[in-house]
Amino acid sequence: MTLRARVPVANSVRFSDLLSALSFSLDLTEGQPMGHALRTNLIAMELGQRLGLSLHQQRDLYYAALLKDVGCSSNAAQVFGLFGGDERQAKGARMLVDWSNYFRAAFYAMAQAAPGASLFDRTRRIAELARRGPRLASELVEVRCERGAEIVIQMDLGPAAADAVRQLDEHWDGRGHPRGLRGEEISILARVLTLAQTLEVFAMRGGVEHALTLVRRRAGRWFDPLVASACAGLERDVAHWCTLETRELQALVVEREPGGAALLAGPGATDRVARIFAEVVDAKSPFTGAHSERVTEVAVAIAHERGWSGPDIAELRRAALLHDLGKLTVPNSILDKPGALTSSEWEVMRMHSYFTERILEHIAGFEWLAFAAGAHHERLDGSGYCRGLRGDQIPELSRLLAVADIYDALSTRRPYRPALAPEDALTIMEQDRGTGLCPDSLDALQKAIDSGVPVAGEDLGEDESRAA
1 MTLRARVPVA NSVRFSDLLS ALSFSLDLTE GQPMGHALRT NLIAMELGQR
51 LGLSLHQQRD LYYAALLKDV GCSSNAAQVF GLFGGDERQA KGARMLVDWS
101 NYFRAAFYAM AQAAPGASLF DRTRRIAELA RRGPRLASEL VEVRCERGAE
151 IVIQMDLGPA AADAVRQLDE HWDGRGHPRG LRGEEISILA RVLTLAQTLE
201 VFAMRGGVEH ALTLVRRRAG RWFDPLVASA CAGLERDVAH WCTLETRELQ
251 ALVVEREPGG AALLAGPGAT DRVARIFAEV VDAKSPFTGA HSERVTEVAV
301 AIAHERGWSG PDIAELRRAA LLHDLGKLTV PNSILDKPGA LTSSEWEVMR
351 MHSYFTERIL EHIAGFEWLA FAAGAHHERL DGSGYCRGLR GDQIPELSRL
401 LAVADIYDAL STRRPYRPAL APEDALTIME QDRGTGLCPD SLDALQKAID
451 SGVPVAGEDL GEDESRAA
């Protein structure tokens with residue numbers, strides 16, 4: 001018997017509920033504590049109201065704040081390649097640096113360059129950062145912001161919200177990135193959002209008074225002076241928001257969705273969001289390109305062979321698309337490591353399934369799906385992770401998903417070898433029949449392959465030793 005009773009996913013969910021929950025994954029990818037985007041949202045909305053933004057502008061600002069970092073995974077591998085350490089730490093520390101101050105920028109580069117490496121390697125990397133740093137920093141920001149804006153458009157949230165995400169790193173004095181926009185060339189939503197996220201970061205680390213002092217110092221440089229002046233008297237609200245637990249924080253954000261009637265996501269819109277976030281996950285590493293999409297195709301093919309239909313297929317598709325959502329919390333120093341992982345690295349990797357569940361369970365009505373998606377690394381004999389479930393404790397959906405996940409890992413090309421042929425992949429998987437993997441799903445996979453299920457052999461996929 002599974003540990004959690006199955007509850008069907010609702011036909012529609014509040015869009016704010018869906019995106020506010022998924023924003024937790026973006027926080028962790030950017031080296032921020034869970035709730036960063038939600039606190040930024042609350043600060044931005046308060047500023048927007050004080051500035052007299054229209055209801056339409058407030059709604060655009062609301063969703064831009066939740067999705068401000070949705071392009072973050074697109075430059076994660078590049079940031080890791082540049083610094084040679086945990087890119088989440090480098091990204092998080094970046095928010096604390098005044099880039100107009102050369103010495104502080106240089107200190108940041110020295111602190112983040114290949115921590116733990118030899119003096120020679122660190123010196124070489126610091127020299128490379130000094131040579132390419134300013135131009136490369138602008139390129140990395142552009143990759144993230146442009147991809148984020150594209151995703152906002154894909155979600156039908158409009159060009160104003162997309163511009164707010166695209167211009168997130170522009171500064172009032174024209175010294176921001178990537179385009180060096182100045183003053184009112186920057187959209188009012190971006191000006192508000194840039195200040196709101198900076199205020200949140202410094203309030204969480206140094207206290208609200210420190211954060212507001214910094215805002216006043218940067219007014220006229222980083223920030224629109226008018227927006228900065230609207231921060232007066234925010235101390236008590238910001239201090240309160242910084243103390244809230246994630247569920248309280250999310251409930252407050254959802255409650256404050258502007259416009260009266262809540263924007264609902266029906267099955268089609270929910271599936272579109274799931275597919276977009278699957279792309280966000282897979283973009284984090286060059287070794288996971290399109291992995292979630294392929295796993296979904298294989299899982300659905302297996303399910304059809306087993307006679308599943310209707311709501312069961314729909315639920316499986318969402319779980320498959322989002323099963324690796326927790327990978328956004330894993331640093332690229334682990335995801336992209338060419339050799340074997342150390343025991344401590346394995347512990348970090350194994351936690352990704354825990355974070356998949358923890359993030360998805362914040363979506364109202366997704367509690368069971370969160371549990372099932374997070375259990376895709378459990379094994380019938382109890383040797384899996386992260387709970388060590390066995391047998392019927394593992395949902396049937398999770399057992400099926402495990403087979404699809406491993407099959408994709410084995411049948412996809414690696415940098416050091418071609419993709420395994422379907423029969424070779426199945427031979428390896430058969431070794432775990434009945435002990436680790438579900439026999440019924442293995443049989444169904446064989447039938448699906450015989451029927452011509454797509455086998456992707458050209459795109460890169462994750463190493464099977466890290467998928468199993």
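All residue numbers in the sequence shown are consecutive under full-length UniProt numbering, ending with 468. Built from N, CA and C at the ideal position, the CB exists for glycine as well.
Which value, in whole angstroms, describes the spacing of the CA atoms of residue i and residue j?
i, j, result
"Gly-391", "Leu-341", "28 Å"
"His-304", "Leu-316", "11 Å"
"residue 477", "Leu-28", "Outside the modelled stretch of the chain, which goes from 1 to 468, sits residue 477, for which no answer is possible."
"residue 497", "Arg-179", "Here the chain comprises residues numbered 1 to 468, so residue 497 is not present and cannot be evaluated."
"Ile-188", "Arg-318", "36 Å"
"Pro-415", "Gly-384", "Low confidence applies here, because Pro-415 scores a pLDDT of 49, under 50, leaving its location unreliable; read the following figure in that light. C-alpha separation (whole angstroms): 27 Å."
"Thr-243", "Leu-193", "21 Å"
"His-36", "Ala-211", "15 Å"
"Met-351", "Glu-345", "10 Å"
"Ala-370", "Ser-74", "25 Å"
"Asp-450", "Pro-338", "33 Å"
"Phe-355", "Gly-176", "33 Å"
"Asn-332", "Glu-142", "20 Å"
"Asn-41", "Leu-53", "15 Å"
"Gly-266", "Asp-17", "13 Å"
"Tyr-108", "Ala-425", "46 Å"
"Arg-256", "Tyr-62", "9 Å"
"Gly-307", "Ile-313", "10 Å"
"Glu-245", "Leu-129", "38 Å"
"Arg-205", "Val-215", "14 Å"
"Arg-191", "Arg-132", "28 Å"
"Val-336", "Met-349", "The sequence as given places Asp at residue 336; Val does not occur at that position. Using only the alpha carbons, I get a separation of about 12 Å."
"Leu-38", "Ile-428", "45 Å"
"Gly-452", "Ala-409", "18 Å"
"Ala-21", "Leu-360", "7 Å"
"residue 514", "Glu-185", "The requested residue 514 is not part of the displayed model; the chain covers only 1 to 468."
Taking C-alpha atoms, which residue in the options lies nearest to residue i?
i, options, result
"Ala-106", "Ala-164, Ile-126, Ser-353 and Asp-312", "Ile-126"
"Val-254", "His-362, Ala-90 and Asp-336", "His-362"
"Phe-24", "Gln-58, Leu-51, Gln-250 and Leu-157", "Gln-250"
"Gln-92", "Ser-292, Leu-181, Asp-424 and Met-34", "Correcting the residue identity first, residue 92 is Gly in this sequence and not Gln. Ranking the options by Cα distance to Gly-92, first place goes to Met-34."
"Leu-19", "Ala-269, Val-300 and Val-238", "Ala-269"
"Gly-259", "Ser-12, Ala-232, Arg-191 and Met-45", "Met-45"
"Glu-235", "Leu-252, Asn-11, Thr-213 and Glu-367", "Thr-213"
"Glu-378", "Gly-116, Ala-113, Cys-438 and Phe-366", "Cys-438"
"Cys-145", "Ala-161, Leu-168 and Thr-123", "Leu-168"
"Val-79", "Ser-138, Gly-374 and Arg-358", "Ser-138"
"Ala-111", "Leu-380, Glu-184 and Gly-85", "Gly-85"
"Ala-448", "Arg-399, Glu-297 and Asp-271", "Glu-297"
"Gly-382", "Gly-31, Leu-38, Arg-399 and Val-201", "Arg-399"
"Gly-220", "Gly-183, Pro-418, Asp-271 and Ala-372", "Gly-183"
"His-291", "Glu-150, Ile-151, Leu-66 and Thr-412", "Thr-412"
"Leu-328", "Glu-30, Arg-6 and Val-13", "Glu-30"
"Gly-436", "Arg-294, Ser-309, Ile-394 and Leu-51", "Ile-394"
"Cys-72", "Ala-149, Phe-15 and Val-295", "Ala-149"
"Arg-294", "Val-403, Arg-147 and Pro-418", "Val-403"
"Pro-311", "Asp-271, Ile-334 and Ser-343", "Asp-271"
Buried or exposed for residue i, please, with buried defined as at least 16 other CB atoms from any protein chain shown within 10 angstroms of its CB.
i, result
"Ala-261", "exposed"
"Ala-421", "exposed"
"Ser-441", "buried"
"Arg-135", "exposed"
"Glu-87", "buried"
"Ala-240", "Residue identity check: residue 240 is His in the sequence provided, not Ala. Exposed is the call here."
"Arg-247", "exposed"
"Asp-121", "exposed"
"Gly-81", "exposed"
"Leu-389", "buried"
"Asp-69", "buried"
"Thr-288", "buried"
"Asp-405", "buried"
"Asp-282", "buried"
"Ala-90", "buried"
Who are residue i's beta bridge partners in DSSP?
i, result
"Arg-14", "Leu-264"
"Ala-219", "Phe-223"
"Leu-437", "Arg-433"
Less than 6 Å between the CB of residue i and some heavy atom of the ligand COA, yes or no?
i, result
"Glu-279", "Among the ligands in the structure shown, none appear at all, so the ligand COA cannot be discussed."
Taking 8 Å as the cut-off, does the stretch 422-432 touch the stretch 316-327 (at least 3 CB pairs, one atom from each stretch)? The stretch 316-327 and the stretch 422-432 do not touch, with fewer than 3 CB-CB distances between them shorter than 8 Å.
Pairing CB atoms from the stretch 165-172 with CB atoms from the stretch 219-239, are three or more of them under 8 Å? Yes, they touch.
Taking one C-beta from the stretch 144-163 and one from the stretch 273-281 each time, how about it: are there three or more such pairs within less than 8 Å? Judged by Cβ distances under 8 Å, the stretch 144-163 makes contact with the stretch 273-281, as three or more pairs qualify.
Is the stretch 49-61 in contact with the stretch 294-309, if contact means three or more CB pairs nearer than 8 Å? Short answer: they don't touch.
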